[in-house]
Each structure stands twice: as structure tokens, then as C-alpha cells.
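Numbering (our numbering), first residue to last: -13 to 226.
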């Protein structure tokens, strides 16, 4: 029987340039932006620790050396095994970065973004994934008009946990990607490309009828936009 206390490894995608936050990201990677004297990455790792993750792989790229330095200085603050996977000279894209880590990941794994703070029930999500029997799962969120203040847009149509449409600009999308995925290692191994984004992976999995949705409506926090960063700063200062 599966023991859901043992969550699989989680991959954090932290290789982007953070251009929407420029000039704050001119000299540091987005995940190291300070919130109340601590880098955002500190809060994100503490959340994952609280949720009973044990192993974290950070896929880095832009100013990766600074992330490594932060982790080296602060490793005693986290009850986590933390590894770094650097894109290297050539950017691999979000999907390619994940594929590069497959050898140090187990059979299944979570993926989140390095600019997201998502305090949800990861155990419940993983139980649902296990029930799907080898299908991949992404967490979605119904798009509401109030989200017009964020630089995000709905990108799929979801009905009864099935993703009916993905980035079909001829139709009105209803849901956005919440920023959490649970995937089977073999799903990425089957892709021959070395450089690709998650969007390519999603489309391929949908075509193969191998990607389902798990919808949550809990408030999300992100630092990928200036509005989101300010909102997240206020939230963490009040709640951490």
C-alpha cells in the first residue's frame, strides 16, 4: 500500500531571468528577492519542509551561483536534501530542465515554479495522482475576473477533471495552471528533445490522453509580477 506520508521529490523551476521585475532582478535571481530580510526561496523551502517533502531539486540558470551560495550558507536551516541542477551555458527551457534531472528523481515527482508560494494539501494531490494509475496530473484554478490585475491568463478548458482544450485562442479558456504538477518519470523520458518548455509537454500529454486536472480554488501567491510580489510580501509578513 502506498504511504502518502512519503511525498516524492519536488523540482523547483528557478532558471528564469525575472524580466517583469527588472531592475530588482538585474543583479540577483528572482527567487532571492528579499522579503522581510529573507530571500523568497527561504519561505518557499520552509513551506515544502512543513508539507513533509524531503528532497528538493532546484533547476537554476540565471545567476545560479548566487542560489548555490545561499543554500551553502543556509543548509542547516532546512530539514531537506537540496540539490542544484544548473542549465549550463545553453538554456534548456522548463521542460528540458526537468528532463536533465530525471536520473536523480524517483519514479514520480512534483514540479513547482520558483516564484510561487502555494500552501495547499500536497498529500491530497499526490493521493489523487496515485489513483490515476500512470496518468500525469496538473493542478488548475478557475480563472476569475478579479485576476485581471495579474499578468496571467486562462489557458485551458477543464470539465470533470478532463482538460478539453489547451491554449486554443479561438475558444474562451476557463482555467489557469496553478503551478503544481505531479509527473511520471517515463513521461519525460519519452520526449526526445533536450530543449523544450512545459507547454510543449502539456500539449503532448493531452494529445495522448495522459494529462488530467485537479482543481483548487485556494488563493495563490506569486512574485513573478510587481503586483504579485507586493501582495506576497504583505502576506508573508503577516503569516510567517
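Ideal Cβ placement from N, Cα and C applies to all residues, glycine included.
Considering residue i, what are the terminal residues of the beta strand (DSSP E) in which it resides?
i           : result
residue 198 : 197 to 201
residue 92  : Here residue 92 belongs to no beta strand (DSSP E), and DSSP marks it neither H nor E.
residue 64  : That residue, residue 64, is in no beta strand (DSSP E); it is neither H nor E in DSSP.
residue 41  : 41 to 46
residue 152 : 148 to 152
With DSSP collapsed to three states, give me the class of residue i.
i           : result
residue 2   : coil
residue 22  : coil
residue -12 : Only weak support exists for where residue -12 lies, its pLDDT of 44 falling under 50; the value from the coordinates is given anyway. It is coil, neither helix nor strand.
residue 141 : coil
residue 105 : coil
residue 176 : coil
residue 51  : helix
residue 10  : coil
residue 217 : helix
residue 158 : coil
residue 60  : helix
residue 120 : coil
residue 225 : helix
residue 206 : coil
residue 16  : helix
residue 36  : helix
Does the beta-carbon of residue i have 16 or more other beta-carbons within 10 angstroms, so that it is buried, or is it exposed?
i           : result
residue 158 : exposed
residue 16  : buried
residue 137 : exposed
residue 46  : buried
residue 94  : buried
residue 122 : buried
residue 90  : exposed
residue 140 : buried
residue 67  : exposed
residue 111 : buried
residue 170 : buried
residue 176 : exposed
residue 130 : exposed
residue 216 : exposed
residue -12 : Note that residue -12 scores a pLDDT of 44, beneath 50, so its modelled location is shaky and nothing firm can be said.
residue 193 : exposed
residue 172 : exposed
residue 155 : exposed
Which residue or residues does DSSP assign as beta-bridge partners of residue i?
i           : result
residue 126 : 163 and 201
residue 170 : 94
residue 99  : -1
residue 211 : According to DSSP, which records beta bridges pairwise, residue 211 is partnered with nothing at all.
residue 72  : 46
Grab the span of the alpha helix (DSSP H) containing residue i for me, first residue to last.
i           : result
residue 84  : 79 to 86
residue 116 : 108 to 117
residue -7  : First-last for residue -7: undefined, no H or E at that position.
residue 135 : It is not in any alpha helix (DSSP H) - residue 135 carries neither H nor E in the DSSP assignment.
residue 190 : 184 to 193
Does the region 24 to 36 come within contact of the region 114 to 127, defined as at least 3 CB pairs closer than 8 Å?
no
Would you say the region 95 to 104 touches the region -4 to 7, given that touching needs at least three Cβ pairs under 8 Å?
Segment contact: the region 95 to 104 against the region -4 to 7, three or more CB-CB distances shorter than 8 Å; contact assigned.
Is the region 153 to 167 in contact with the region 198 to 213, if contact means three or more CB pairs nearer than 8 Å?
yes
Closer than 8 Å is the cut-off here; do at least three beta carbon pairs connect the region 175 to 188 with the region 209 to 217?
no
Evaluate contact between the region 2 to 13 and the region 103 to 118, counting only Cβ atoms and requiring at least three cross-stretch pairs below 8 Å.
The answer is no - the region 103 to 118 does not touch the region 2 to 13, with fewer than three Cβ pairs under 8 Å.
State whether the region 219 to 226 contacts the region 143 to 158, with contact taken as three or more CB pairs (one from each stretch) at a distance under 8 Å.
no
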